[in-house]
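Residue numbers (the working numbering): 120 to 354. Glycine included, every Cβ here is placed at the ideal spot set by N, Cα and C.
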Amino acid sequence: MAAQWRGEGSQHQGKRPYQEDSWALVTLGDGSLLAIVADGMGGHAGGAIASRLAVDAFVHAIEQGGGLADGLQDANEAVRAGAAGKPDLDGMGATVVAALVRGDEVRWISVGDSPFFLVTAGKLERLNADHSMAPQIDALVERGMLTAEEAEHHPGRHTLREAVMGEPLSLIDKGSRRLGPGDRLLLCSDGVQTLNAEQIVAQASQPASSLVEAVLAAAKDHQDNITVVKLERGT
């Protein structure tokens, strides 16, 4: 008997004046479960519009029988078309992380820095690549060129190397993974990374809203938008 998956999502705007994240959770005709999170950028109007356009276009592509790469391509085109001829939306874009689960396998695709986590056996593993400057800056610590504290507070740490903005995409992460009973998957906007791995794992067995509330309880200054979509495999 194929493994059954269930999903849920929760979000909060944090301490930002507006919400730029969008998400969706869709059960497909073949029993697969599609989850997607997009973290918009480009100001109040642009970021929110870009993330919604990306999510809607991605979902539509999958519902029409396309694959994850088709969804990403359509999301990118939707953002391009949405900004065309609108100077106030120039430069808008979004990160995208999407996952498709069926049976004992998950497949994913992502652009940007929104994390995709696997929680298994009490441990947290990031499955997708981080397309911000953070990995490059952390590499400078390993080479002795920066201290860990300097890297943590580096002004360019959160600069994106790639995002869905309607331009050709040079950095795309994709992969697949076999999963076991009780495994949980978390698609998040980067606002959730206010918490450390241990804190995220501690909330993973609770509703998605509990993880969002834990981020808010940390009371970080200038807390970014927070979105969590949780996929849980039944035993």
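Boundaries (first-last residue) of the beta strand (DSSP E) holding residue i
i	result
S141	D140 to T146
S129	W124 to H131
L350	I345 to R352
DSSP beta-bridge partners of residue i
i	result
A221	Note that residue 221 is Arg in the sequence shown, not Ala. Beta-bridge pairing links R221 to E224.
I155	A143 and A217
L191	BP columns for L191 are empty, so no partner.
M160	G212
Straight-line gap, residue i to residue j (C-alpha atoms, nearest Å)
i	j	result
D175	I181	10 Å
R226	L306	12 Å
G210	S229	19 Å
V145	R221	12 Å
T214	A316	21 Å
V198	L208	10 Å
K293	D249	12 Å
H131	V320	19 Å
V178	L219	11 Å
V260	T278	18 Å
L246	F235	6 Å
D223	L298	5 Å
L63	D343	Residue 63 lies beyond the residue range present for the chain, which begins at 120 and ends at 354; the question has no answer from this structure.
L187	M264	39 Å
T239	A167	33 Å
A122	G150	10 Å
Minimum C-alpha distance to residue i - residue among the options
i	options	result
W124	I319, P300 and V331	P300
A143	A282, R199, S324 and G128	G128
G231	I291, L314 and I155	I291
S328	K349, G310, H341 and S308	K349
S160	S170, D309 and L153	With the sequence shown as reference, residue 160 is identified as Met, and Ser is not the correct amino acid for it. For M160, the nearest C-alpha among the options comes from S170.
E351	P326, E332 and G275	P326
R276	V238, A333 and A253	A253
S141	E281, S151, E286 and D158	D158
L191	N344, V216, K205 and P206	V216
I256	E139, T239, A270 and K205	A270
I185	G148, E332 and I168	The amino acid at residue 185 is misidentified as Ile; the sequence shows Gly. With distances taken between Cα atoms, G185 lies closest to G148.
A337	L314, D309 and S324	L314
G353	V331, V283 and R303	R303
A164	P206, A154 and D193	P206
Residue range of the unbroken alpha helix (DSSP H) whose run includes residue i
i	result
A327	A327 to A336
A321	A316 to Q322
Review point. Taking only runs of the alpha helix (DSSP H) that begin and end inside the stretch 223-311, which ones reach a length of at least 4 residues, in chain order?
Key: 253-261 and 267-271
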